[in-house]
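Using my numbering, you'd call the opening residue of the sequence shown number -15 and step up by one each time.
Some notes on the structure that comes next.
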Amino acid sequence: MNRAQIISEAKKVVATELKSIKTINSSLDNNFYRIVKIIFETKGRTIVTGIGKSG
């Protein structure tokens, strides 16, 4: 890959990630607030796991 190709691919990746962040931002609602509150009020340790895929 040459310089232009690398920069072009990087811009595509950033654009894809930005789109995902905007989607997540619009889904932050009362459900998000409730789970964060539960996590902060939990005594001891909290284990958070997830599964997913990129793309």
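Note that CB positions come from ideal geometry on N, CA and C, so glycine has one too.
Being a predicted model, the structure only gives us computed values, none of them experimental.
{"Check": "Cβ distance (whole Å) where residue 30 is taken to contact residue 23 below 8 Å", "Outcome": "5 Å"}
{"Check": "Backbone CA spacing between residue -1 and residue -14 [nearest angstrom]", "Outcome": "20 Å"}
{"Check": "Residue 4 beta carbon near the ligand NAP (any heavy atom closer than 8 Å)", "Outcome": "The model on display carries no ligand, and the ligand NAP is accordingly not part of it."}
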